[in-house]
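The structure appears below as structure tokens.
Residue numbers (this note's numbering): 1408 to 1718.
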């Protein structure tokens, strides 16, 4: 009997040892599988909406003191985040007037405010006191410009729109005379300037290009990766619905009846190769508002594009 009990104990001990060894052998693999299965997922991408606008102000001509409240009205209504402005009378500080009107019309002391960067035209044309500006609701963390010759410049700003997200904003006003012979070299200078500044950000380019969509000037931008956001939003109807110039600045019975013939004002976007992206949600022709006498805000309509930024 003792021999039987001893044999049973020995057999049980051997079986238990074998089982423990098998479990120990499987543990590293099981732990590795558990580790893989419970790995922390990559953080989800964040999204924000961003509105980018362009408008030519027609400087200090044609009843500007009556027109500027209309410009402010439309900016308050549409609530853009970033604005590219052309034909700004910097010499008489029109920006101060316009920003004051915007703040007043959007709540007074608690109203909308914008940071700014602006530059005069170059050469002899600087005498006019006219230039271009960029307004941004967000901090401008870097800024620069380059001379495009023939009196024109392009502005560059790097804007911190959210924690971990900068965008690059360019604004320009290409020459109104000389066709592609004059404007194409200016466009190429902008493309080269953008490449020098590139930091892998989403890039916006706004402006009165004085060039139609089929021009070599616009082809220089699209060939460099820029997309026409009004076309992205409206497709084949863009040429019929997107015309922005000219607008007659007058008062009277027929003043409000306008028929712009040219699409020369643009909001363009360029996507980085990786990282953040900008999806065009909508793009509208704006500044169609006028006063009771039919006076419009400017001799151009503007364009505003709404983007969904994913980063």
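Glycine included, C-beta positions come from ideal geometry on N, C-alpha and C.
Computed from a predicted structure; not experimentally measured.
Counted within 10 angstroms of its Cβ, other Cβ atoms place residue i as buried (16 or more) or exposed
i	result
residue 1457	buried
residue 1534	exposed
residue 1709	buried
residue 1552	buried
residue 1481	buried
residue 1546	exposed
residue 1527	buried
residue 1651	buried
Alpha helix (DSSP H) segment containing residue i, residue limits
i	result
residue 1507	1501-1512
residue 1527	Segment 1522-1527 is the beta strand (DSSP E) holding residue 1527; no alpha helix (DSSP H) there.
residue 1480	1471-1485
Per DSSP, cross-strand counterpart(s) of residue i
i	result
residue 1675	1612, 1635
residue 1730	Any answer about residue 1730 is impossible in this case: the structure gives the chain only from 1408 up to 1718.
residue 1568	DSSP, once it has assigned bridges, lists no residue as partnering residue 1568.
residue 1497	Per DSSP, none; premise fails for residue 1497.
Closer than 9 Å to chain D by CB, residue i
i	result
residue 1506	Although the question refers to chain D, the structure presented lacks it and comprises just one protein chain.
Three-way DSSP call (helix, strand, coil) for residue i in this model
i	result
residue 1684	strand
residue 1563	strand
residue 1535	helix
residue 1516	helix
residue 1530	helix
residue 1701	coil
residue 1415	Unreliable placement is indicated for residue 1415, whose pLDDT of 37 sits below 50; the coordinate value is still reported in the next sentence. In this structure, residue 1415 counts as helix in the three-state DSSP scheme.
residue 1580	strand
residue 1666	coil
residue 1708	coil
Residue i, enclosing beta strand (DSSP E) - first and last residue
i	result
residue 1547	1547-1556
residue 1451	Counting along the chain, residue 1451 falls outside any beta strand (DSSP E), and DSSP gives it neither H nor E.
residue 1694	Counting along the chain, residue 1694 falls outside any beta strand (DSSP E), and DSSP gives it neither H nor E.
Worksheet item: Along the chain, which unbroken stretches of the beta strand (DSSP E) at least 3 residues long are found entirely within the region 1585-1664?
Response: Runs of the beta strand (DSSP E) lying entirely within the region 1585-1664, each at least 3 residues long, are 1609-1615 in chain order.
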